[in-house]
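In the working numbering, the protein residues as written are 21 to 298.
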């Protein structure tokens, strides 16, 4: 650590400790000189030396290890953003990613999707499972609500569905991009060696020689932007610009938003949405 970082970490830990109710943790509320837990109580919960914890709060003793910070985060019941904050104060970096499977999104995030009436948008996990979508995405891309949960995986759709393959004008480019972006996502999320990723990769490799070849190429794609041309049975060929965004506070999720690439594409998309709504 450099500069005031040790003191900043100590100040933050003292502040978090003072906010905790001893009774909620099974400690006697008794006579206490200061509010919150005592240092030795935090040390006990974190399974570290009381002396070492005291030094941390006093800005002494050097940089703590990642293991110590994780134990303290658990002992103080820190949220994930708070855990990341003490890593930045203590080690000058974020903690290594810990993969957590995701089943769905919050109602608030769904309302964000629903508010984009003319922009098809989806939210996907690091495993490229679609867990959120709006009406425009269901009409233009795929009606995910009609698919079983395991069938909402973008890689399974790209490499396992002749229907989806036929609808993508530039299937080869899309497939290459998706595989490269998936490789980056699972590594960033700490899921590249997980059972879920290993099983999915093995399944896709058996299912599709194209996937197996692309996976062996070891290419990595950045989440940026591009154009996807989609054959729609009602609207014809639509060119859609797409942009990828991280979901703040949910590093395991990503949002992809599509917008028409030209006024003509916009007109055809609006026509599709209006007709289907009627």
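The C-beta atom is built at its ideal place from N, Cα and C for all residues, glycine as well.
Report task. Tell me whether residue 213 is buried or exposed, calling it buried when 16 or more other Cβ atoms sit within 10 Å of its Cβ. Result -> exposed
Report task. Return the chain-ordered list of same chain residues with a C-beta closer than 6 Å to the C-beta of residue 86, the five sequence neighbours on each side being excluded. Result -> none
Query raised in the report: Beta-carbon separation of residue 42 and residue 57 under 7 Å?
Result: yes
Query raised in the report: Where does residue 219 sit, in a helix, a strand or coil, going by DSSP?
Result: helix
Query raised in the report: Quick one: what does DSSP say residue 68 is sitting in, helix, strand or coil?
Result: coil
Query raised in the report: Got a sec, what are the start and stop residues for the alpha helix (DSSP H) residue 202 sits in?
Result: 191-208
**Report entry** Distance, residue 138 Cα to residue 285 Cα
**Finding:** 12 Å
Query - Proximity winner among 221, 276, 110 and 89, relative to residue 157 (alpha-carbon distances) - result: 276
Requested in this report: Would you decide whether residue 291 is buried or exposed? Buried here means 16 or more other CB atoms lie within 10 Å of its CB.
Outcome: exposed
Query raised in the report: Based on the DSSP output, what are the partners of residue 260 in its beta bridges?
Result: 248 and 280
Query raised in the report: Would you say residue 172 and residue 149 are within 7 Å of each other, going by their C-beta atoms?
Result: yes
Query - Of the residues 234, 50 and 63, the one placed nearest residue 37, counting alpha carbons only - result: 63
**Report entry** CA nearest to the CA of residue 253, picked from 188, 176 and 111
**Finding:** 188
Query raised in the report: Is the region 105-119 close to the region 218-229, with three or more CB pairs under 8 Å?
Result: no
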